[in-house]
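A.B. asks:
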Amino acid sequence: MQQPAPAAASEQASPASSAAAASSALSAQGSGLSSQGSGLSSQGSGLSAQGSGLSGTETGFNIEINLSSDVLFDFDKADLKPEADAELQKAAEVIRRKGQGLILITGHTDSKGSDAYNQRLSLARAQAVKSWFEAQGLHQNYQIEGLGATRPIAPNTHPDGSDNPEGRAQNRRVEIIVNKTTQLGS
Numbered sequence: 254m255q256q257p258a259p260a261a262a263s264e265q266a267s268p269a270s271s272a273a274a275a276s277s278a279l280s281a282q283g284s285g286l287s288s289q290g291s292g293l294s295s296q297g298s299g300l301s302a303q304g305s306g307l308s309g310t311e312t313g314f315n316i317e318i319n320l321s322s323d324v325l326f327d328f329d330k331a332d333l334k335p336e337a338d339a340e341l342q343k344a345a346e347v348i349r350r351k352g353q354g355l356i357l358i359t360g361h362t363d364s365k366g367s368d369a370y371n372q373r374l375s376l377a378r379a380q381a382v383k384s385w386f387e388a389q390g391l392h393q394n395y396q397i398e399g400l401g402a403t404r405p406i407a408p409n410t411h412p413d414g415s416d417n418p419e420g421r422a423q424n425r426r427v428e429i430i431v432n433k434t435t436q437l438g439s
């Protein structure tokens, strides 16, 4: 396995504090998102792009965008794939139209590999997404974090202990929380 380069210490945040704040803000109910020209649409509070690795939810204060790492990155890599461009363009359009405050980018992995390796890989992937946005001229207030395999959204293994490739694929993701409001002191 190739080790991803570590990100600068100033880029790392307390996963517990930033994720908890983002999660509590996301618990509010929202009205939905309609973003013309971005390839994104919603029904209720959901947001998705058909045929893509992008989905999300809008609340009163935030938009949470989920991007499949399998669409963005090759296995065990933190370099963006060429086809990631189309998915990231859709997310960038949401940031351009709605982003007012902090943009939290969080990388996640499946459970393959050591905890330390997965944390480094997830952080490197979050940094790659942030760098892509900045290269597109989106110079927002970003915070990145890598949580490794600590917050799975699906089981990595079946109840009998056998591998669950579909579950692992769901866990390999990058989450982007777009704050729609400017906070005092920002």
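For any residue, its number in the numbering used here is found by taking its place in the sequence shown, counting from 1, and adding 253.
From the three backbone atoms N, C-alpha and C, an ideal C-beta is built for every residue, glycine too.
All values derive from a computational prediction rather than experimental measurement.
Kindly list the residues whose CB is nearer than 7 Å to the CB of alanine 337, restricted to its own chain and excluding five residues on each side of it in sequence; keep chain order.
C.D. replies: Counting only Cβ-Cβ distances below 7 Å, and skipping sequence neighbours, we find Val324, Leu325.
A.B. asks: In three-state DSSP terms, what is glutamate 336?
C.D. replies: Residue state, collapsed to three classes: coil.
A.B. asks: Taking its Cβ as the centre, do 16 or more other Cβ atoms sit within 10 Å of histidine 361, making it buried, or is it exposed?
C.D. replies: It is buried - the Cβ of histidine 361 has at least 16 other Cβ atoms within 10 Å.
A.B. asks: Is the CB-CB distance between leucine 355 and glutamine 396 below 7 Å?
C.D. replies: Yes, the Cβ-Cβ distance between leucine 355 and glutamine 396 is below 7 Å.
A.B. asks: Can you list, in chain order, the residues of its chain whose CB lies under 7 Å from that of arginine 426, leaving out five sequence neighbours each side?
C.D. replies: The answer, listed in chain order, is Asn319, Leu320, Ser321, Ser322, His361.
A.B. asks: Going by beta-carbon coordinates alone, are isoleucine 348 and valine 382 separated by less than 7 Å?
C.D. replies: Not a contact, by the Cβ cut-off of 7 Å.
A.B. asks: On the DSSP bridge assignment, give the partners of phenylalanine 452 in chain order.
C.D. replies: Summary: the structure shown does not reach residue 452, with the chain confined to residues 254 through 439, and so no result is reported for it.
A.B. asks: If you run the structure through DSSP and keep just helix, strand and coil, what is serine 367?
C.D. replies: DSSP places serine 367 in coil when its eight states are reduced to three.
A.B. asks: Following the continuous beta strand (DSSP E) through glycine 309, name the residue where it begins and the one where it ends.
C.D. replies: Counting along the chain, the beta strand (DSSP E) containing glycine 309 begins and ends at 307 to 311.
A.B. asks: Flag this pair as yes or no: are the beta carbons of arginine 378 and alanine 331 separated by less than 7 Å?
C.D. replies: Yes. Within cutoff.
A.B. asks: Just mark threonine 310 as buried or exposed, buried being the case when its beta carbon has 16 or more other beta carbons within 10 Å.
C.D. replies: That one is buried.
A.B. asks: Could you tell me the alpha carbon to alpha carbon distance between aspartate 368 and leucine 341, rounded to whole angstroms?
C.D. replies: Those two C-alpha atoms are separated by around 27 Å.
A.B. asks: Cα-Cα, which of Leu376, Glu387, Arg421 is closest to glycine 401?
C.D. replies: Among Leu376, Glu387, Arg421, the Cα nearest to that of glycine 401 belongs to Leu376.
A.B. asks: Looking at the secondary structure, which residues open and close the beta strand (DSSP E) in which asparagine 424 lies?
C.D. replies: No beta strand (DSSP E) contains asparagine 424, which is instead part of the alpha helix (DSSP H) from 418 to 424.
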